[in-house]
Amino acid sequence: MRNALTIAGSDSIGGAGIQADVKAMAAVGVHATTVITAITAQNTQGVFGILPVSPEFVQDQLEAVLKDSDIKAVKTGMLYSAEIVETVADILEDRDVPVVVDPVLVSGTGHSLADDDLPKAIRKHLLPICELVTPNKNEAEVLAKMKIRNEDDITLACELIGKEGEAVLLKGGHFNSNTVVDYLYLSSEFNKLEYPRLKRSGHGSGCVLSSYITANMAKGIDIVNSVMKSRALIQEAIATQYAVGQGIEVVNPIVKMKGDTDRFKVLDALDAAAAKIVDTVPEEFVPKGGINIALALKDAAGPEEIAAMDKRIRVHNGSLKCGPAKFGVAEHLSYVLLAAMKKDPSVRSVMSIAFSKDTLSIMEEVGLEAVAANMQMDKVSEGTEEAIAKFKGVPDAIYDKAGKTRMFRIFGKDEKDVLNKLESILREGYPPQTPYA
């Protein structure tokens, strides 16, 4: 299971903050690790006390989690003070992990959850290192330092908040409109997301939405699709909210993402395969641009339904390193796999490794069938189809007929089948040293 991290305050009534974040991430199939920034005495009617955690202990919690766990995405919620913001930003800025900022300033019951210096600290230290910030109208006005009265103001506010390159999801729940319109500002472009306005606004909706987004990003889903999936979930969470006290109702974070289980299984399987590759594959199998392994959903129709390792698996400082598995990140390899799946739909995985005549000889010795193909960039699908046309099924591998960076593409029913074929090559070619021996 993939891990995400939420850095936020504790809500004693359990409707928002850390408690809601953990439940929301679990609903998306992600394990939530936590760093608590403050303890609150609150219920559905109000906030009656806040006890901030010292920046030093926030640092201790954060370092303990990051030292032990492979965190795929981070969410910040209630940070309370400028000192905590600086502590968090100092640690996260050196980590290659997406950060989602929910700039919590006021509770759902209207009580302040921040000191006076917090907005400035968020602007200065946290926004420049985040992937996405998710303010409501009031928070956007504070961060942009302007009043928002109309759509032109919304556009300007998003541009001001996202001036360091981060994406902005300005939530429309607090605007006076018949429907709820959210504005997603990404790469200097705006997308309007419109939803029916529900006749209720539950405690914890902002926390839960940003947690859904973070969990989806932890699963390798891009910002746009993470927002779209999460926005559909929060709509259902608000629609099914429930009462736990005498005040406002709390949103229901434990709603399920329909049809997403298979995507999670694919990403989880690739993470495990990549870890094995990093531990076992010799450097000479890795071309300059890196190697990769891909796994498709059943009946995948395009690259967006095929996952691979983001930025490939590369040699760095004498050892193999790789990013997380994501969907839609390896277009070239995806088209190779799609061409093979067209011939045999049961073939759902492919791995690229460096070509050598020695490896080709080893493949022949261990009974793996490899055929040459014309793999020019603009003829990947055609080259693959042509190479395998004479076979009843799909060969074990194809390789470039020519080119500066020739590679093998090893096919398999799944990632385990591909790794088993790679294992047979390593056993034969590297008997004394191979970790498989």
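All you need for the working numbering is the position in the sequence shown, starting with 1, plus 5.
Heads up, the beta-carbon is just placed ideally off N, CA and C, and yes, glycines get one too.
If you're wondering where the values come from, they're calculated on a predicted model, not measured in any experiment.
| query | result |
| --- | --- |
| 3 or more residues per run - each beta strand (DSSP E) lying fully within the segment 56-121 | 76-81, 104-106 |
| Runs of alpha helix (DSSP H) lying entirely within the segment 114-158, each at least 4 residues, in chain order | 123-126, 142-149 |
| Inter-residue CB distance, residue 9 and residue 37 (contact presumed, cutoff 8 Å) | 6 Å |
| Heavy atom of the ligand ATP within 8 Å of residue 405 beta-carbon | For the ligand ATP, the structure offers nothing, since it holds no ligand at all. |
| Assigned secondary structure, residue 179 (DSSP; H/G/I helix, E/B strand, else coil) | coil |
| Reduced DSSP secondary structure (H/G/I, E/B, other) of residue 245 | coil |
| Boundaries (first-last residue) of the beta strand (DSSP E) holding residue 187 | 184-191 |
| Among 360, 202, 215, nearest to residue 288 - alpha-carbon criterion | 360 |
| Length-filtered (3 minimum) beta strand (DSSP E) runs lying within the segment 296-349 | 297-301, 311-314, 318-321, 324-327, 330-332 |
| Residue 331 to residue 251 span [Cα, whole Å] | 44 Å |
| Residue 283 - DSSP class collapsed to helix/strand/coil | helix |
| Among 334, 121, 25, 274, nearest to residue 243 - alpha-carbon criterion | 25 |
| Cross-strand partners of residue 47 (DSSP beta bridge) | 52 |
| CB-CB length for residue 314 against residue 279, believed under 8 Å | 5 Å |
| For residue 98 and residue 134, believed in contact at Cβ under 8 Å, the rounded distance | 5 Å |
| Where the alpha helix (DSSP H) containing residue 426 begins and where it ends | 420-434 |
| Candidates 393, 100, 87, 51, of which the one nearest residue 75 by Cα | 100 |
| Sub-9 Å separation of residue 57 and residue 86 beta-carbons | yes |
| Own chain partners of residue 217 with C-beta closer than 7 Å, once the 5 adjacent residues on each side are dropped | 29, 33, 235, 238, 239 |
| Cut-off 7 Å between Cβ atoms - residues of its own chain near residue 201, not counting five sequence neighbours on either side | 184 |
| The alpha helix (DSSP H) enclosing residue 194, as first and last residue numbers | That residue, residue 194, is in no alpha helix (DSSP H); its beta strand (DSSP E) goes 194-201. |
| Meets three-Cβ-pair contact criterion under 8 Å: the segment 284-304 and the segment 219-233 | no |
| Spatial neighbours of residue 390 in its chain, beta-carbon cut-off 6 Å, leaving aside the 5 residues before and after | 344 |
| Selected residue, minimal CA-CA separation from residue 49, among 90, 130, 207 | 207 |
| Selected residue, minimal CA-CA separation from residue 228, among 257, 247, 196 | 196 |
| Other residues of its chain near residue 55: CB distance less than 6 Å, five sequence neighbours each side excluded | 43, 45 |
| Distance, residue 65 Cα to residue 72 Cα | 11 Å |
| Boundaries (first-last residue) of the alpha helix (DSSP H) holding residue 6 | No alpha helix (DSSP H) holds residue 6; DSSP gives it neither H nor E. |
| Contacts around residue 174, its chain only, beta-carbon distance under 7 Å, and the 5 residues preceding and following it disregarded | 137, 139, 187, 189, 232 |
| Residue 438 classed as buried or exposed, judged by whether at least 16 other C-beta atoms fall within 10 angstroms | Summary for residue 438: the model assigns pLDDT 42, below 50, so the residue's position carries little reliability; its value from the coordinates is reported in the next sentence. By the 10 Å Cβ count, residue 438 comes out exposed. |
| Simplified DSSP assignment, three categories, for residue 21 | coil |
| Buried/exposed call for residue 267, threshold 16 Cβ in 10 Å | exposed |
| Short Cβ contact (9 Å threshold) for residue 176 with residue 211 | yes |
| Check whether residue 301 and residue 341 have beta carbons under 9 Å apart | no |
| C-beta atoms of residue 245 and residue 105 nearer than 9 Å | no |
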